[in-house]
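Scroll down for the structure; my scribbles are underneath it.
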Amino acid sequence: MHQESTKNQPRHIAIIMDGNGRWAKKHGLPRIEGHRRGAQAVRQCLEAARDHGLRYLTLYAFSVENWDRPEEEVHALMDLLDQFLKEQIHHMLKHKIRLRVIGRYHELPSNIQKRLREAEERSAEFTKFTVGLALNYGSRTEVVDAARAIAKATQAGTVDPDRLDYAQFRDFLYTGDMPDPDLVIRTSGESRLSNFLLMQSAYSEIYFSEVLWPDFDRSSFEAALEDYAQRERRYGKTSEQLQTPAS
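Residue 77 in the numbering used here sits at position 77 of the sequence shown, with consecutive numbering throughout.
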């Protein structure tokens, strides 16, 4: 079982990177330029997370609903993702950062699938810092895929449905080998989770930032950490129960 984070320091932060389009509109630029600037913010965020000793950082990069955007924008996003991966794979390997992709990324363009598989395979042995990249991801889709896998495992006799609990169920989620996020950050002033890690974030702290994602820099990241440090995670218990020493 994964260890819980310390009171003041999260082990796992998940981020809904929102506001690229609004940033571009605000600056009188094409939407894709907002996504390019958002990619630069990702680099800053990775460095800040690593410097602060996080073990896991998961980024919501492309949702199953994003396919409904204009075709031109989707193609531009895929090209930008391909370029980002090309540039970052060497950096991740150099700094021993493990990549974990969550979502139905087998439905992405073949060149991107190839880069993702290569990065996952070459970084698989790294354990100090893991970056989760949610691509073609949706929490409801994830639960459906988990249910299908459990049904097959039941037919194969490897799962007893009468003894199934959440601890076993979570092993079938895309994030089965990762701890649940301690903190979920959403940028751009929106206050919703948008089908992101709904099962995993059941007890996560939520931090809503007014900053548009391309402007979310190290200081913005550290502000979220400072806010988290002031919170008391109860997991359904009272403060008095948390303060009572175990016998």
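Backbone N, C-alpha and C fix where the C-beta goes; we use that ideal spot for every residue, glycine too.
Thinking just about the alpha-carbon of each residue, which of A124, R69, H106 is nearest to the one in K96?
When each option's Cα is compared against that of K96, the closest is A124.
Counting C-beta neighbours from all protein chains within 10 Å, is the total for S188 16 or more, i.e. buried, or is it exposed?
Under this definition S188 is a buried residue.
On the criterion of 16 or more Cβ atoms from any shown chain inside 10 Å, does E210 qualify as buried, or is it exposed?
E210 should be labelled exposed.
Per DSSP, the bridge partner or partners of A134:
According to DSSP, A134 bridges with Y60, I102.
Under a three-way DSSP split, which group does Y207 fall into?
Y207 falls in the strand class under three-state DSSP.
Round the Cβ separation of A41 and P214 to the nearest angstrom and send it over; I've been treating them as touching at under 8 Å.
About 5 Å; that satisfies the 8 Å criterion.
Which ranges would you report for the alpha helix (DSSP H) in the stretch 164-216 if only whole runs of at least 4 residues count?
Runs found: 166-169.
When you compare only the Cα positions, how much space is there between R37 and G176?
About 31 Å.
Under a Cβ-count criterion, where at least 16 other Cβ atoms within 10 Å of its own Cβ denotes burial, should H35 be classed as buried or exposed?
By the neighbour-count rule (16 or more Cβ atoms within 10 Å), H35 is buried.
Local conformation of A124 per DSSP, three classes
Here A124 sits in coil by DSSP.
Less than 6 Å between C-beta atoms, sequence neighbours within five positions excluded: which residues of the same chain meet that for D217?
Excluding the 5 residues flanking it on each side, D217 has same chain C-beta neighbours closer than 6 Å at Q44, in chain order.
Return yes when the Cβ of H106 is within less than 8 Å of the Cβ of L225, no when it is not.
Taking 8 Å as the Cβ cut-off, L225 and H106 do not qualify as a contacting pair.
Assign W23 to buried or exposed, taking buried as 16 or more other Cβ atoms, counted over all protein chains shown, within 10 Å of its Cβ.
So W23 ends up on the buried side.
Once the 5 residues before and after N111 are set aside, which same chain residues still bring their CB inside 8 Å of it?
Around N111: D82.
What is the DSSP secondary structure of H12, counted as helix, strand or coil?
Here DSSP, grouped into helix, strand and coil, assigns H12 to strand.
Would you check if there are 3 or more beta carbon pairs closer than 8 Å linking the stretch 178-198 to the stretch 57-69?
Verdict: yes, contact present.
Give me the residue from R55, P30, R31, D18 with the minimum Cα distance to H12.
Residue R55 is the option with its Cα nearest to H12.
Just to confirm my understanding: we take I32, look at its own chain, exclude 5 residues before and 5 after, and list those with CB closer than 8 Å. What are they?
For I32, the CB contacts under 8 Å within the same chain, skipping 5 residues up- and downstream, are A24, E73, A76, L77, L80 in chain order.
Taking the Cβ atom as the reference point for each residue, do A134 and I102 lie within a distance shorter than 8 Å?
Yes, these two residues count as a Cβ contact at 8 Å.
Alpha carbon of Q155 to alpha carbon of H91, nearest angstrom:
Between the alpha carbons of Q155 and H91 lies a distance of about 43 Å.
Residues bridged to F129 [DSSP beta-bridge criterion]:
When beta bridges are read from the DSSP output, F129 appears opposite I97.
Excluding the five sequence neighbours on either side, which residues of its own chain have a C-beta within less than 7 Å of the C-beta of F84, listed in chain order?
Exclusion of the five residues before and after F84 leaves A39 as the residues of its chain whose Cβ lies within less than 7 Å of its Cβ.
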